[in-house]
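Chemist: Sharing a structure, written as structure tokens. Questions coming.
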Amino acid sequence: GTVGSQPAPPGQETQYNVRTVGLLREPEEFADIVVRSNPDGSQVKIKDVARVELGAQTYDLQARLNQSPGAALGIYLAPGANALSTAEQVTRILKESEARFPPDMKYEITLDSTAPIVASMHKIQLTLIEAVLLVLVVVFIFLQSLRATIIPMLAVPVSLLGTFIAFPMLGFSVNTLTLFGMVLAIGIVVDDAIVVVEAVQHHIEHGLSPRDATVQAMKEVSGPVIAIALILCAVFVPVAFMSGVTGRLYQQFAITIAVSVIFSAINALTLSPALSAILLRKPQPGRGPLGWFFGWFNRSFDRVTKGYGGIVDFFVRKAARSMLLLVVIVGGIWLLSKQLPGGFIPDEDKGYLFVALQLPEGASLQRSDAVMKKVEQIVSATKGVRSSLAISGFNILNGLAAPNAGLIFIGLDDWKKRDAPELHAEALARKLNAQFFGIPEARIFAFGPPPLPGYGNSSGFTLQLQDRSGGSFDQLAAQVKTFMAEASKRPEIGRLTTTLNADTPQIKVELDREKARSTGVNVDSVYQTMQAFLSGLYVNDFVRFGRVFKVMLQAEPEYTNIPSKIGSFYVRNREGKMVPLSTLVNIEQISGPNFVSRYNLYQAAEITGIPAPGYSSAQALSAIDEVAKRLPRDYSYEWSGLTYQEKKSEGEAGIIFGMAIIFVFLLLAAQYESWTLPFAVLLCTPLVVLG
1 GTVGSQPAPP
11 GQETQYNVRT
21 VGLLREPEEF
31 ADIVVRSNPD
41 GSQVKIKDVA
51 RVELGAQTYD
61 LQARLNQSPG
71 AALGIYLAPG
81 ANALSTAEQV
91 TRILKESEAR
101 FPPDMKYEIT
111 LDSTAPIVAS
121 MHKIQLTLIE
131 AVLLVLVVVF
141 IFLQSLRATI
151 IPMLAVPVSL
161 LGTFIAFPML
171 GFSVNTLTLF
181 GMVLAIGIVV
191 DDAIVVVEAV
201 QHHIEHGLSP
211 RDATVQAMKE
221 VSGPVIAIAL
231 ILCAVFVPVA
241 FMSGVTGRLY
251 QQFAITIAVS
261 VIFSAINALT
271 LSPALSAILL
281 RKPQPGRGPL
291 GWFFGWFNRS
301 FDRVTKGYGG
311 IVDFFVRKAA
321 RSMLLLVVIV
331 GGIWLLSKQL
341 PGGFIPDEDK
351 GYLFVALQLP
361 EGASLQRSDA
371 VMKKVEQIVS
381 ATKGVRSSLA
391 ISGFNILNGL
401 AAPNAGLIFI
411 GLDDWKKRDA
421 PELHAEALAR
431 KLNAQFFGIP
441 EARIFAFGPP
451 PLPGYGNSSG
461 FTLQLQDRSG
471 GSFDQLAAQV
481 KTFMAEASKR
491 PEIGRLTTTL
501 NADTPQIKVE
511 LDREKARSTG
521 VNVDSVYQTM
531 QAFLSGLYVN
541 DFVRFGRVFK
551 VMLQAEPEYT
561 NIPSKIGSFY
571 VRNREGKMVP
581 LSTLVNIEQI
591 SGPNFVSRYN
601 LYQAAEITGI
611 PAPGYSSAQA
621 LSAIDEVAKR
631 LPRDYSYEWS
641 GLTYQEKKSE
651 GEAGIIFGMA
661 IIFVFLLLAA
671 QYESWTLPFA
681 VLLCTPLVVL
691 G
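Rendered as structure tokens:
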């Protein structure tokens, strides 16, 4: 408040702000708080009955970086934010903050999910350059003229630049999908220009001037150029309409190719003819080493062409031969499609691994941490490992804190240093798992991240086994155990784990409410006392480092280390007397689930697994489907995470492929004004699919 503020007596000339001591700052200030004043004038302060210190809000997690004490900091990308830009800003802030760290303190980025993105984009950029150079060489060898080569090669920058211009309008960014689309588009966009150049060159060789040859050539090839562009768009555009994550993956890739093809057609109808009229001349016989090479190449290519013509003539003279070959090709496609493994998104080496550790239910955090140290030693001694961040007390499979669990983030060396097959992430995971078998105290396994961030916590497959009858948790646990035992017998299944456990040791405290009422004890006081002693009670706040932190009340460890200590807690009754909890509660040791999860309204258990070596994810999912057919009627299952998207996308590829065939057929029919000629083009598709 203020002194001398209005309303004030007449003549008030000064005004003062009144300040009091607000939130406490130092532990000593809390220690001096008076708890009780005795009749003799003495005081009992908090420091007389408690230990006051500046510590952590919770001690349920313990972290170590490269076997040294540390603090783990997780930074997650906000929806719609750019991952690369955010990672760059975070790294810059960390470097700036490091200058203010104590001398014996440093930071290290153990897991950077943008590292594989940067590496893949760099690789694609190199591939883009390599593709341009290869196309340049191939075009020059076949056209055998520097002037003629320039014209189709100019289609590459024109098409790619036009595609970049279209990105903002389409809401696209430069990423691995769009760059990969451009890599494939490079070989496509030069085709239209080559058609124009070849047609113009043909008429020049027959005596027309470059200008007249260009006019005559465009009359002949304008229609095919437009048809090619429309057909390619008809193939790629329907892919963009696939649903779910499949559509998101293919959309930018397919649209990038379609847009580049459109600009390629525009270039072939405008810039390429103009350049052809200006640059092309009647070809002259080559001289020197280059002329000798072109002569040898033309002779060799003529022999190949002649042989190819003979094969075509063999099949054309007898239609039955062509039909028989077509039947053989279709049969080969059917046989290979049944034998080849299928999958959704392959696992990749992303530069880091996870290690999950789980001790028996009821194991303490100290016991888990002791095992974690053994695991850390194995990880640190493994070739190819750059760093490790161990967190005791966290279960990555369900995302919950658990004293009997642990997690290690393993940062691997740069891919350039791990070019050997045995240093690949998958090979390192197998090597680590083989060594983890020598630690009998816990179940430990290393695994890679999910192929797509945000869809599960690990690679492999995920399903939810549901109890749709409303039965007990023990019944669900028994069914999960039976299901996993049956599924583990299948050769397609490598490893199965579940987050469900119905045998977690627990202590049941049952309050005698009648006795509490008769002794004048408030029921809320009983539960508040147990909370304060066993888990910590939030009291108020204090200010430190310019921020507000919580003040927590908790018992010393020696008063909470065994179940019988609960009875020694005291609670105050209405008369101010202290009543031991042992006279009010009944303490019983039981077992039960550490948590209960539901999936789509039903009580469920999450089961994760990986395919066995040599089997694909599609084969593993098919095996699970067969095992699930033997589930009782009141139980069912649903796929979740990335596996759900994989199952959801089944059949979509066939529909999109069929749509593309129909669109191509209609476009060809319109182009040639015939319902039969399109079949001559489309019947080449089986040979391509077989290849």
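Numbering-wise, the sequence shown is residues 1 to 691 according to our numbering. Just so you know, even glycine gets a beta-carbon here, dropped at the ideal spot from N, CA and C. All of these numbers come straight from a predicted model, not from anything done at the bench.
I need the straight-line Cα distance from P505 to S364, nearest angstrom please.
Modeler: Taking the first residue of the sequence shown as 1, we reach residue 505 at position 505. Taking the first residue of the sequence shown as 1, we reach residue 364 at position 364. One C-alpha to the other measures close to 11 Å.
Chemist: Do you know how far the Cα of E492 is from the Cα of D432?
Modeler: Locating residue 432 in the sequence shown gives position 432, where the first residue counts as 1. Locating residue 492 in the sequence shown gives position 492, where the first residue counts as 1. First, the amino acid is wrong: residue 432 is Leu here, not Asp. Each residue's alpha carbon lies about 22 Å from the other.
Chemist: Buried or exposed for P449, going by 16 or more other Cβ atoms inside 10 Å?
Modeler: As a first step, residue 449 must be located in the sequence shown, where it is residue number 449. The residue in question, P449, is buried, as its Cβ has 16 or more Cβ neighbours within 10 Å.
Chemist: For E606, does the three-state DSSP call read helix, strand or coil?
Modeler: Along the sequence shown, read from residue 1 onward, the residue named residue 606 stands at position 606. Of the three classes helix, strand and coil, the one that applies to E606 here is strand, per DSSP.
Chemist: Would you tell me roughly how many angstroms separate the C-alpha atoms of T246 and V480, rounded to the nearest one?
Modeler: As a working note, residue 246 is residue 246 in the sequence shown. As a working note, residue 480 is residue 480 in the sequence shown. T246 and V480: Cα-Cα distance of roughly 31 Å.
Chemist: Would you give the residue range spanned by the alpha helix (DSSP H) that Y527 belongs to?
Modeler: In the sequence shown, the residue the question calls residue 527 occupies position 527. Y527 -> alpha helix (DSSP H) spans 523-534.
Chemist: Assuming N267 and V158 make a contact with CB atoms under 8 Å, what is their CB distance in whole Å?
Modeler: For the purposes of this step, residue 267 is taken as residue 267 along the sequence shown, with counting starting at 1. For the purposes of this step, residue 158 is taken as residue 158 along the sequence shown, with counting starting at 1. About 5 Å separates the two Cβ atoms, so the contact holds.
Chemist: Around the C-beta of L325, are 16 or more other C-beta atoms found within 10 angstroms, so that it is buried, or is it exposed?
Modeler: Along the sequence shown, read from residue 1 onward, the residue named residue 325 stands at position 325. It counts as exposed.
Chemist: Using CA coordinates, which residue listed in A425, Y615, R517 is at the minimum distance from R574?
Modeler: Translated into the one-based positions of the sequence shown, residue 574 becomes position 574. Of the listed residues, the one whose Cα sits closest to R574 is R517.
Chemist: Going by DSSP, what residue range makes up the beta strand (DSSP E) through M105?
Modeler: Within the sequence shown, residue 105 is the residue found at index 105, counting from 1. Here M105 belongs to no beta strand (DSSP E), and DSSP marks it neither H nor E.
Chemist: On the premise that G181 lies in contact with F253, defined as a C-beta separation below 8 Å, what is that separation, rounded to the nearest angstrom?
Modeler: Residue numbering aside, residue 253 sits at position 253 when the sequence shown is read from its first letter. Residue numbering aside, residue 181 sits at position 181 when the sequence shown is read from its first letter. Correct: roughly 5 Å between the Cβ atoms.
Chemist: Which residue marks the beginning of the alpha helix (DSSP H) containing T14, and which one marks its end?
Modeler: Stepping through the sequence shown from its first residue, residue 14 is reached at position 14. Unbroken run through T14: none, as it is neither H nor E.
Chemist: What number of angstroms, rounded off, separates the C-alpha of A628 from the C-alpha of S636?
Modeler: The residue you call residue 628 lines up with position 628 of the sequence shown. The residue you call residue 636 lines up with position 636 of the sequence shown. Those two C-alpha atoms are separated by around 8 Å.
Chemist: Report all residues from its chain with a CB closer than 8 Å to the CB of E98; omit the five preceding and five following residues, and keep chain order.
Modeler: Here the question's residue 98 lines up with position 98 in the sequence shown. Correct list, in chain order: K106, Y107.
Chemist: Grab me the residues of E693's own chain with a C-beta within less than 6 Å of its C-beta, minus the 5 sequence neighbours each way, in chain order.
Modeler: The requested residue 693 does not occur in the structure, where the chain is confined to residues 1 to 691.
Chemist: CB of A669 to nearest heavy atom of the ligand FAD: below 8 Å?
Modeler: Ligands are entirely absent from the displayed structure, and the ligand FAD is therefore not among its contents.
Chemist: Can you give me the start and stop residues for the alpha helix (DSSP H) that G641 sits inside?
Modeler: As a working note, residue 641 is residue 641 in the sequence shown. 641-648 is the extent of the alpha helix (DSSP H) around G641.
Chemist: Using the three-state DSSP reduction, which class does Y59 fall into: helix, strand or coil?
Modeler: To locate residue 59, count along the sequence shown from 1; it is residue 59. In the structure shown, Y59 sits in coil (DSSP, three-state: anything other than H, G, I, E or B).
Chemist: Mind pulling the alpha helix (DSSP H) runs of 4 or more residues that sit fully within the stretch 92-164?
Modeler: Runs found: 115-143.
Chemist: If distances are taken between C-alpha atoms only, which option among I165, I624, H424 comes closest to I607?
Modeler: In the sequence shown, the residue the question calls residue 607 occupies position 607. The shortest C-alpha separation from I607 is found at I624.
Chemist: Any contact between the stretch 545-559 and the stretch 523-534? By contact I mean 3 or more CB pairs, one from each, below 8 Å.
Modeler: Segments in contact, yes.
Chemist: Based on the DSSP secondary-structure assignment, which residues constitute the bridge partners of Q479?
Modeler: In the sequence shown, counting from the first residue as 1, residue 479 sits at position 479. DSSP output for Q479 lists no bridge partner at all.
Chemist: Jot down the residue ranges of each uninterrupted alpha helix (DSSP H) in the stretch 388-459, minimum 4 residues, whole runs only, in chain order.
Modeler: You should have 425-436.
Chemist: Distance check for Y672 and I151, CA to CA, integer angstroms please.
Modeler: Position 151 of the sequence shown, counted from the start, is the residue given in the question as residue 151. Position 672 of the sequence shown, counted from the start, is the residue given in the question as residue 672. Their Cα atoms are separated by approximately 28 Å.
Chemist: Apart from the five residues just before and just after G692, which ones in its own chain have a Cβ nearer than 8 Å to its Cβ?
Modeler: Outside the shown range of the chain (1 to 691) lies residue 692, about which nothing can therefore be said.
Chemist: Below 8 Å on the Cβ atoms is my contact criterion, and I expect E361 with N501 to pass it. Report the Cβ-Cβ distance as a whole number of Å.
Modeler: Stepping through the sequence shown from its first residue, residue 361 is reached at position 361. Stepping through the sequence shown from its first residue, residue 501 is reached at position 501. About 5 Å separates the two Cβ atoms, so the contact holds.
Chemist: Kindly indicate which residue of T256, G384, L160 has the alpha-carbon position closest to the one of T178.
Modeler: In the sequence shown, residue 178 corresponds to position 178, counting from 1. When only C-alpha atoms are compared, the closest one is T256.
Chemist: When the Cα of S649 is compared with those of P224, L249, K45, which residue comes out closest?
Modeler: The residue labelled residue 649 in the question sits at position 649 within the sequence shown. Minimum Cα distance to S649 is reached at L249.
Chemist: Helix, strand or coil, according to DSSP, for G470 in the structure here?
Modeler: Here residue 470 refers to the residue found at position 470 when the sequence shown is read from its first residue. It is coil, neither helix nor strand.
Chemist: Check each candidate in L537, K417, S469 and name the one with the smallest Cα separation from Q603.
Modeler: For the purposes of this step, residue 603 is taken as the residue at position 603 of the sequence shown. Out of L537, K417, S469, S469 has the C-alpha closest to the C-alpha of Q603.
Chemist: For H203, count neighbouring Cβ atoms within 10 angstroms of its own Cβ and tell me buried if that reaches 16, exposed if not.
Modeler: Residue 203 sits at position 203 when you count from the first residue of the sequence shown. Classification for H203: buried.
Chemist: Can you tell me which of A78, Q12, V174, T114 puts its alpha carbon nearest to the alpha carbon of L91?
Modeler: Within the sequence shown, residue 91 is the residue found at index 91, counting from 1. What sits at residue 91 in the sequence shown is Thr, not Leu. Ranking the options by Cα distance to T91, first place goes to T114.
Chemist: Tell me, please, whether the stretch 675-691 touches the stretch 327-335 by the rule of three or more beta-carbon pairs shorter than 8 Å.
Modeler: The stretch 675-691 is in contact with the stretch 327-335.
Chemist: Taking just the CA atoms, how far does F445 sit from A722?
Modeler: Only positions 1 to 691 of the chain appear in the structure, and residue 722 is not among them; the question remains open.
Chemist: With burial defined as no fewer than 16 other Cβ atoms inside 10 Å of the residue's Cβ, what is the status of K764: buried or exposed?
Modeler: Nothing in the structure corresponds to residue 764, since the chain is present only between 1 and 691.
Chemist: Compare the Cα-Cα distances from I566 to each of F164, V239, I378, V585 and report the closest residue.
Modeler: Counting from 1 along the sequence shown, the entry for residue 566 is found at position 566. Checking every option, the nearest Cα to that of I566 belongs to V585.
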